[in-house]
Amino acid sequence: MKNVIKNIVLDAAGLAFKKGLLTSSVIPDMEIEAPRHENHGDFSTNFAMVSASVQKMAPRKIAEALLSSIEDPERIIERAEIAGPGFINFFLAPKAWYPFIKIIHQQDEEFGKSDIGQGKKVQVEFVSANPTGPLHIGHGRGAAVGDAVGNILAFSGFDVQKEYYINDSGRQIRTLGRSVWLRICQLIGRESEFPEDCYQGDYIRDIAKELNQLMGSEYLALTCKSQDKQTDVGQLNKTDLEPTVKMGEYLLGKPEAEAVDICAKYAADKILQGIKDDLVDFGVEFDRWFSEQSLYDSGRVQDAITEFQSKGVIYEKDGALWFKTESFGDEKDRVVVRNNGLTTYFASDIAYHTEKFNRGFDRVIDVWGADHHGYINRINASIEASGRKREQFNVILVQLVNLLRGGQPVAMSTRSGEFVTLKEIVDEVGKDAARFIFLSRSYDSGLDFDLEVAKQQTSENPVYYVQYVHARIAGIVTKAFEQGILSDPADISTVSNSLQTLQLLVEPEELKLIKILASFPEVVEKSAFVLHPHIIFTYLMSLASAFHGYYNRHKVINEHQELTLARLCLVSSVKKVIYNALKLLGVSAPERM
RNA sequence: GUGCCCGUAGCUCAGUUGGAUAGAGCGUCGGACUUCGAAUCCGCAGGUCACAGGUUCGAAUCCUGUCGGGCAUACCA
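Per this note's numbering, the first sequence starts with residue 2, numbered consecutively.
In structure tokens form, the structure reads like this:
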């Protein structure tokens with residue numbers, strides 16, 4: 002609709018110039034927007050104000066010239082007026098809006114979809130938590146944001162791939178192995194200290210216990226099974242592993258380094274599997290799980306370093322290799338290979354991001370916790386150094402989540418291993434409530450997540466407010482069938498074709514509802530453009546509010562047959578849009594609650 | 001010290017490519033169910049948009065500075 006108005010304005014400007022009412026045919030960037038206040042019309046443009054300097058005329062004079070040249074054969078515009086410093090406000094005729102109901106019924110689950118992405122390949126990488134422990138609430142927010150952004154972009158015509166980067170290489174994995182190994186040692190009665198830098202959580206004990214009890218044959222079965230996975234749980238010298246020997250005893254007979262290695266691989270695989278399960282329960286599915294180790298195995302890390310060396314952006318100093326990130330806007334240069342010969346994480350990150358673009362993505366989006374913001378500059382540097390444009394890479398920084406219970410902060414400490422996991426949260430409050438709350442606020446702001454509020458089935462909890470609309474409408478439609486008003490589900494969409502019937506929808510609340518419905522595609526587009534899913538949340542709240550207000554004031558099923566049909570048609574289009582919007586956020590739309 | 005994010009109603013936050021009288025939820029108080037689902041609605045009250053300058057027809061929005069909060073500042077991962 003916005004575009005329709007824009008074209009009318011552009012045509013009018015051209016005509017006004019032709020008629021000599023305007024002095025210039027130049028049209029500056031103008032805006033068509035839906036004003037905040039209803040008495041400012043359905044749409045408003047600042048055309049006259051932004052044109053003042055090129056036209057060398059007063060804004061109001063320009064507005065008058067424009068209005069006198071407007072052609073509107075369809076009579077979409079009921080009236081237009083000049084207001085304030087030179088705004089032109091358009092009030093649309095009701096009949097301009099009714100066709101949207103038809104469009105919604107026709108397009109159904111496609112309504113809101115667009116092609117602004119033009120099929121461009123976009124990768125959204127998110128969560129990517131180290132497989133050294135279960136996901137916690139912060140990962141949950143990142144998961145909800147990344148998943149929703151991916152959905153919104155896909156709905157907007159991008160070819161989206163969702164990816165999880167597994168940090169399955171390096172020291173934290175060895176630490177993981179050591180942690181499990183030491184717990185096994187404790188289990189089998191061998192005195193050993195448990196250092197502070199090891200993972201303290203109880204899940205380490207559980208894994209240790211499990212691995213310790215595993216028979217050789219069971220272990221072999223597990224490793225075989227995981228061979229087809231992308232994560233490498235490791236090659237084991239299988240020849241000397243007795244099927245009937247417990248793994249604990251077996252490991253005891255091995256050199257410690259090897260035992261730690263086996264523990265690391267077993268634990269990482271186990272934890273990763275847990276992460277995958279938790280994400281599935283949270284409604285998040287990735288297209289690809291990408292292993293950091295694979296970058297080393299395939300030589301891509303070395304290739305990336307060599308490539309940058311040949312481009313002259315990597316140099317040697319103090320026995321280490323440095324990437325000239327400072328010349329790309331970073332505070333200082335960064336080490337990629339330490340003087341002990343080991344690569345830093347940055348090295349594999351460079352290789353990974355190079356690899357992403359080599360896979361053909363036009364655009365790469367990373368979702369990170371806000372505590373990683375210091376890495377933006379250096380990854381940007383690597384993107385530019387590899388010949389890509391900085392605009393092709395976006396980082397979404399997700400601020401921290403404060404977990405509360407009844408207003409009181411829930412103590413969490415990674416060091417002691419005492420933290421509430423995502424799984425516990427999903428188990429307690431449900432996937433829908435958790436996701437909806439995660440997406441309720443801009444990820445630029447910290448978020449208070451109160452478990453008690455998230456559990457409440459009251460108006461304090463926004464997810465029910467919106468889902469209730471969907472269920473309520475489902476209830477109304479069911480009722481209409483029971484009363485014989487409808488005999489076939491197709492009846493409703495048949496009505497949507499009848500402008501004559503829809504014209505019975507004259508209540509202000511009805512027109513307001515239709516206008517909100519009609520704006521959904523623009524809302525999705527904006528959300529995709531700024532990569533902010535909470536815009537969909539805000540939209541859902543206003544749509545739900547408009548519906549509830551309407552419902553409490555007017556009867557959908559009433560004594561007038563045709564009006565009833567028109568209203569059923571309207572509310573079922575509300576239901577469809579609620580469904581589509583919730584789906585973008587990964588929240589279900591129940592028929593009954 | 002430096003960099004990034006934030007500062008809007010009592011609380012939690014929308015408002016972000018600059019627009020007109022700054023919005024919503026919660027909380028307070030008062031109303032609405034023998035009628036389609038009250039997990040709902042209606043009404044009242046609540047503001048120096050942290051502060052001070054600047055940019056212009058116009059600033060919560062952009063720029064500079066100050067104050068306050070969070071995060072980050074490794075040849076750690």
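Virtual Cβ for every residue (Gly too), placed ideally from N, Cα, C.
Keep in mind the model is a prediction, meaning the values are calculated, not measured.
The Cβ neighbour count for ILE189, taken over all protein chains shown within 10 Å, is under 16; the residue is labelled exposed. By the 16-neighbour rule on beta-carbons within 10 angstroms, GLU257 is exposed. A straight-line Cα-Cα distance of about 18 Å links ASN378 and GLU356. Around the Cβ of LYS266, a 10 Å sphere holds 16 or more other Cβ atoms; the residue is buried. Counting along the chain, GLY370 sits inside the beta strand (DSSP E) bounded by residues 364-370. With respect to ASP449, LEU405 sits close: the two C-beta atoms are nearer than 8 Å.
Looking from the CA of GLY407, the closest CA among SER349, SER311 and GLN457 belongs to GLN457.
Excluding five sequence positions before and after ASN462, the CB atoms of its chain that fall closer than 7 Å to its own CB belong to ALA434, VAL454 and ALA455, given in chain order. The beta carbon of ALA66 sits closer than 6 Å to those of ALA17, LEU22 and LEU23, all from its chain and outside the five residues before and after it, given in chain order. Rounded to the nearest angstrom, the Cβ distance from ARG172 to VAL261 is 12 Å, too far for a contact under 8 Å. Apart from the 5 residues on each side of it in sequence, ILE117 sits with its Cβ closer than 7 Å to the Cβ of SER157, GLY158, GLU526 and ALA529 in its chain, given in chain order. Within the stretch 33-76, the complete alpha helix (DSSP H) segments of 4 residues or longer fall at 48-56 and 60-69, listed in chain order.
In terms of Cβ geometry, ILE579 and LEU544 form a close pair [threshold 8 Å].
Under the three-state reduction of DSSP, ILE185 is assigned to helix. Excluding residues up to 5 positions away in sequence, VAL51, SER52 and VAL55 lie with their Cβ nearer than 7 Å to the Cβ of PRO29 in the same chain.
ASN581 counts as buried, since at least 16 other C-beta atoms from the protein chains shown sit within 10 angstroms of its C-beta.
Between ILE208 and VAL181, the alpha-carbon positions lie close to 7 Å from each other.
DSSP assignment within the stretch 459-510 yields no whole beta strand (DSSP E) run of 3 residues or more. Contact between LEU487 and LEU569 holds, with the beta-carbon distance rounding to 7 Å and staying under 8 Å. Under the three-state reduction of DSSP output, GLN119 falls in the coil class, being neither helix nor strand.
Around the beta carbon of GLN501, fewer than 16 other beta carbons sit within 10 angstroms, so the residue counts as exposed. If you ignore the 5 residues before and after ALA155, its C-beta comes within less than 6 Å of the C-beta of VAL161, all in its own chain and listed in chain order. Assignment of ALA321 by DSSP, reduced to helix, strand and coil, places it in the strand class.
Looking at the DSSP output, ARG406 shares a beta bridge with GLN409.
Listed in chain order, the alpha helix (DSSP H) elements of length 4 or more contained wholly in the stretch 238-284 are 248-253 and 257-282. In this structure, the alpha-carbon of PHE394 lies about 6 Å from that of ILE366. Restricting attention to GLU211, GLN187, LEU183 and GLN124, the CA atom closest to the CA of CYS199 is found in LEU183. Excluding the 5 residues flanking it on each side, SER497 has same chain C-beta neighbours closer than 8 Å at ILE102, LYS103, ILE105, HIS106, GLN107, LEU503, CYS570 and SER574, in chain order. The beta-bridge partner set that DSSP reports for LEU448 consists of VAL402. Relative to MET248, the option among TYR220, ALA269, LYS271 and LYS114 whose CA is nearest is TYR220. Rounded to the nearest whole angstrom, the C-alpha separation of PHE358 and GLU164 is 13 Å.
Excluding residues up to 5 positions away in sequence, GLU592 lie with their Cβ nearer than 6 Å to the Cβ of ALA475 in the same chain.
Annotation: TYR99 is outside any beta strand (DSSP E) and is labelled neither H nor E by DSSP.
Taking a contact as a CB-CB distance under 8 Å, the pair GLU385 and PHE329 counts as one, their CB atoms being some 5 Å apart. The beta carbon of LEU212 sits closer than 6 Å to those of MET248 and TYR267, all from its chain and outside the five residues before and after it, given in chain order.
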